[in-house]
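Protein chains in written order, with the numbering used here: chain G, 2 to 201; chain V, 28 to 100. Even for Gly, the Cβ is constructed at its ideal location relative to N, Cα and C.
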């Protein structure tokens, strides 16, 4: 309350023009909730969309959204500005959801093993996947494992670069390319099995 | 035009059942709670620290050795 009174008047206009990174540093400096609310208003829908896609349950997704934002709030001082704020926030979101799925034993996949093989072309199978209708995409995404789903969402939903993913997941760029390729292969395998009659 | 992954994201947002303000209120309640706890710690932690320090310093013993009436011979 005292901090709010001491701070200059923050108009909606000045808040809207502020970058995410500016809002983070101003929140750390002043602890003024308005800056955090700005980030929440900008991203809560996207965080929720990722949670519902990963967790497949509305109540769990809402609870996860709340917990993720509290986690973000408590670790804002650790945000070093190495990547974009949204990239950093999405990485917390994906990690939270993957941990939550593992705790509930609904996903029994083993962690991805780093491969020495180098993938030259990471756009392989891309056009086929991007041509799938939204309803079928949802159905297939609901069947693939959490690691594959999160890496595909990072690439096609969040437009993260290989470098960003490498930073976020603490893996080499070649390992990320291989993980994407494997995820696409498994995605298409399920897709073809599910809609086999369409092709036959 | 957005790709199918982005369309799926939009669809999930459109179908969101709970109003986002509800979650926002809960998060703000958390923020106020953390603020309250940290202000309590700000006020009382130095005092607790000084109490612990007073137990550890040998000052207590020296005090007891001193005469109750320092001016008395």
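Spatially closest choice to residue i from the options, by CA coordinates
i                     : options                       : result
residue 30 (chain V)  : G:167, G:80 and G:133         : G:133
residue 130 (chain G) : G:185, G:18 and G:49          : G:185
residue 29 (chain G)  : G:19, G:77 and G:138          : G:77
residue 149 (chain G) : G:125, G:188 and G:126        : G:188
residue 85 (chain G)  : G:68, G:61 and G:169          : G:169
residue 32 (chain G)  : V:52, V:39, V:77 and V:66     : V:66
residue 36 (chain V)  : G:72, G:53 and G:162          : G:53
residue 38 (chain V)  : G:51, G:79, G:90 and G:160    : G:51
residue 61 (chain V)  : G:63, G:71 and G:45           : G:71
residue 44 (chain V)  : G:22, G:19, G:58 and G:41     : G:58
residue 165 (chain G) : G:91, G:19 and G:15           : G:91
residue 81 (chain G)  : G:16, G:143, G:154 and G:22   : G:22
residue 44 (chain G)  : G:174, G:176, G:172 and G:159 : G:159
Burial state of residue i, where buried means 16 or more other Cβ atoms lie within 10 Å
i                     : result
residue 70 (chain V)  : exposed
residue 47 (chain G)  : buried
residue 151 (chain G) : buried
residue 194 (chain G) : exposed
residue 36 (chain G)  : buried
residue 41 (chain V)  : exposed
residue 7 (chain G)   : Confidence at residue 7 (chain G) is low in this model, with a pLDDT of 42, below 50, so the placement of that residue is unreliable and no value is reported for it.
residue 66 (chain G)  : buried
residue 197 (chain G) : exposed
residue 79 (chain V)  : exposed
residue 181 (chain G) : buried
residue 24 (chain G)  : buried
residue 84 (chain V)  : exposed
residue 5 (chain G)   : Here the model assigns residue 5 (chain G) a pLDDT of 46, short of 50, so the residue's position is not dependable, and the following value carries that caveat. So residue 5 (chain G) ends up on the exposed side.
residue 18 (chain G)  : exposed
residue 192 (chain G) : buried
residue 28 (chain V)  : exposed
residue 101 (chain G) : buried
Where residue i meets chain V, residues with beta-carbon distance less than 8 Å
i                     : result
residue 34 (chain G)  : 55 and 58
residue 180 (chain G) : Within 8 Å Cβ-Cβ: nothing; residue 180 (chain G) doesn't reach chain V, min ~17 Å.
residue 41 (chain G)  : 51 and 54
Contacts of residue i in chain G (Cβ-Cβ under 8 Å)
i                    : result
residue 40 (chain V) : 46, 47, 49 and 50
Endpoints, alpha helix (DSSP H) assigned at residue i
i                     : result
residue 73 (chain V)  : 47–83
residue 61 (chain G)  : 59–75
residue 191 (chain G) : 174–195
residue 78 (chain G)  : It is not in any alpha helix (DSSP H) - residue 78 (chain G) carries neither H nor E in the DSSP assignment.
residue 129 (chain G) : 127–131
residue 164 (chain G) : 163–170
Cross-chain neighbours of residue i in chain V, by beta carbon under 7 Å
i                     : result
residue 135 (chain G) : 31, 34, 35 and 38
residue 150 (chain G) : Within chain V, no residue comes near residue 150 (chain G); the closest Cβ sits about 11 Å away, beyond 7 Å.
residue 139 (chain G) : 35
9 Å Cβ cut-off: residues of chain G touching residue i
i                    : result
residue 84 (chain V) : In chain order: nothing, as chain G lies at least about 34 Å away.
Residue i Cβ short of 7 Å to the ligand GDP heavy atom set
i                     : result
residue 197 (chain G) : Looking for the ligand GDP in the displayed structure turns up nothing, as the structure carries no ligands at all.
Contacts that residue i makes with chain G (C-beta to C-beta distance below 7 Å)
i                    : result
residue 74 (chain V) : Near residue 74 (chain V) there are no residues of chain G at all, since even the closest Cβ is about 21 Å away, more than 7 Å.
residue 44 (chain V) : 59
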